[in-house]
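Written below as structure tokens is the structure these notes are about.
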Amino acid sequence: MAPLLVLLPSHLFKLSLRYTQDQEVTVFMTTGFSIESYKKAVLANPLNYIGDGLNTYACLIHFNSLGYFEFRELWCVCYLACAYYRKSHPEELVALYNYFVEDRVKKLPLIWKLRWNWVLIYSIIGLAGITGNTLIIMAIFRYMKKSATHTLMLTIASSDLLTSLVCLPIEGYQSFYGAGILGIDTGMLIVCKLSYFLFYASFGCSIIAMVALGIERVKNEYIVQLKMKTYLCIPDKMVDLKLPTTVTLKEDNRNFFEVLFEVFKLCAHAGLGLRLQQRRMSGEMRDDTDQYIIKLFQLTFPNSVLVYFYATHQNSVFKVIRMLLTMLAIFVIAWGPFLFQAFYLPLFTEQTTRFLKDQRTPRMIYTALSFSSATFNSIFLPINSK
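According to the working numbering, the sequence shown is numbered sequentially starting from 56.
What follows is the structure, given as structure tokens:
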């Protein structure tokens, strides 16, 4: 039995011929295509050869049966996972995206069946956050005096309202259905970026206001009272474009905070980034270690703020401690799992890290908890302001 290989531009076929006297004969019939040139052509542009076989087991079986492709090459051909050989072509990325969208649409009934409870949870959190924070804003504008406490509460409520109204629906849709389903055009990319910016800006804004609220509620004898601006500078998230954060005071027989939150870049951040870059270039640390340090800096410290405070309310130390402990408990419950996966997860082994990141349920839990802080604040802020 002798194999006869017929090499055609788009396929390889194995034929067999029977000869007398059991002679072993190999005959090559070519049309100008060698095995290597065929492999190079397929790996260079798999879409021209797989037809509708993208991400299918049938494609894998077909090209594996030819016997000329290694395992990594098969994944490049059938799944467009070609990072080992070359960069992905734009048309390949579009093909993968279209396949992902079509696959999600087909599986939508199954997704609803498996994750309807998460839709209910996200809806409850969103409605509670919108309702609670809207009531706080209306109450402050209509019934309460514009004291420092109420102004800071208004800041927190406004921040949480934006989170519940804008960020939570987009993040919930992504957790439930998958990223990118809404589209990959420029408009949707801008919406996605703005959503994440609002999410982290709201997070920093809430912490700043909590710190300022704690300072404002401390008894007068524990606060340095000045007739001039007093500055409190706290390091903030390291993003590229930042401006000063200012808090000014208008006195008309009462204290009133005008809070204009902007972003700002500290010289310390620039120094830290330079040092991290030097360490990475010198090989003192892994290439991705600085990213984890920067993430820790981003979420551990609130935005830089210039605070002018002149407390007037004689609140007891017990009330201040109660408020701070309550807010700390809310922060730990709501943001603890999120911060754990962002900062401490990379400390585990690569296999453990990949396993935990691939689990959708834990990710949906810590995402829902992080957004629930907007709901908790609307409940405990009025209680602690008494």
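Here a beta-carbon is modelled for each residue, glycine too, at the ideal position from N, C-alpha and C.
Applying the 10 Å Cβ sphere with the 16-neighbour rule, what's the burial state of residue i?
i: Asn100; result: exposed
i: Thr430; result: buried
i: Asn153; result: exposed
i: Ala113; result: exposed
i: Asn103; result: exposed
i: Val387; result: exposed
i: Leu380; result: exposed
i: Gln353; result: The predicted model places Gln353 with a pLDDT of 47, which falls under 50 and marks its position as unreliable; any figure quoted below should be read in that light. Buried.
i: Ile211; result: buried
i: Met265; result: buried
i: Asp215; result: buried
i: Thr416; result: exposed
i: Trp390; result: buried
i: Phe196; result: exposed
i: Ile116; result: exposed
i: Tyr139; result: exposed
i: Tyr198; result: exposed
i: Tyr93; result: buried
i: His66; result: With a pLDDT of only 40 at His66, under the threshold of 50, the placement of this residue in the model should not be trusted, and no figure is reported.
i: Gly87; result: Note that Gly87 scores a pLDDT of 44, beneath 50, so its modelled location is shaky; the value from the coordinates is reported in the next line. By the 10 Å Cβ count, Gly87 comes out exposed.
Below 8 Å on the Cβ atoms is my guess for residue i versus residue j; work out the distance and round it to an integer in Å.
i: Trp171; j: Met419; result: Not really, about 13 Å apart at Cβ, beyond 8 Å.
i: Leu217; j: Ser257; result: 6 Å
Can the beta-carbon of residue i be found closer than 7 Å to that of residue j?
i: Ile185; j: Ser213; result: no
i: Val132; j: Phe155; result: no
i: Ser433; j: Ile191; result: yes
i: Ile225; j: Ser250; result: yes
i: Leu151; j: Leu135; result: yes
i: Gly181; j: Leu223; result: yes
i: Leu244; j: Val221; result: no
Measuring only the C-alpha atoms, how far is residue i from residue j?
i: Gly122; j: Leu148; result: 27 Å
i: Arg141; j: Gly108; result: 21 Å
i: Leu383; j: Phe395; result: 16 Å
i: Leu37; j: Lys161; result: Missing from the structure shown is residue 37; the chain here goes from 56 to 441 and no further.
i: Ala183; j: Ile176; result: 11 Å
i: Ser143; j: Glu91; result: 21 Å
i: Ser425; j: Ile105; result: 43 Å
i: Phe126; j: Asn110; result: 15 Å
i: Ala423; j: Tyr228; result: 12 Å
i: Ala194; j: Ser178; result: 24 Å
i: Lys95; j: Glu157; result: 29 Å
i: Leu12; j: Pro145; result: There is simply no residue 12 to check, as the chain begins at 56 and stops at 441 in what is shown.
i: Lys168; j: Val246; result: 28 Å
i: Asn188; j: Ile385; result: 16 Å
i: Cys322; j: Pro392; result: Here Cys322 scores only 44 on pLDDT, less than 50, and its place in the model is too uncertain to base an answer on.
i: Gly259; j: Arg159; result: 34 Å
i: Tyr255; j: Ile263; result: 12 Å
i: Phe124; j: Leu165; result: 35 Å
i: Ser89; j: Lys248; result: 48 Å
i: Ser120; j: Cys137; result: 20 Å
i: Asp343; j: Tyr421; result: Since pLDDT at Asp343 reaches only 47, below the 50 mark, its modelled position is unreliable, and no value is offered.
Hey, is residue i's beta-carbon within less than 7 Å of any beta-carbon in chain B?
i: Gly227; result: Included in the structure is just one protein chain, with no chain B present.
4-residue-minimum alpha helix (DSSP H) runs that sit fully inside the segment 102-130, ordered along the chain = 102-105 and 112-121
Which whole runs of the alpha helix (DSSP H) in the segment 125-200 are 4 residues long or more, in chain order?
-> Fully enclosed alpha helix (DSSP H) runs of 4 or longer: 126-134, 145-161 and 163-197.
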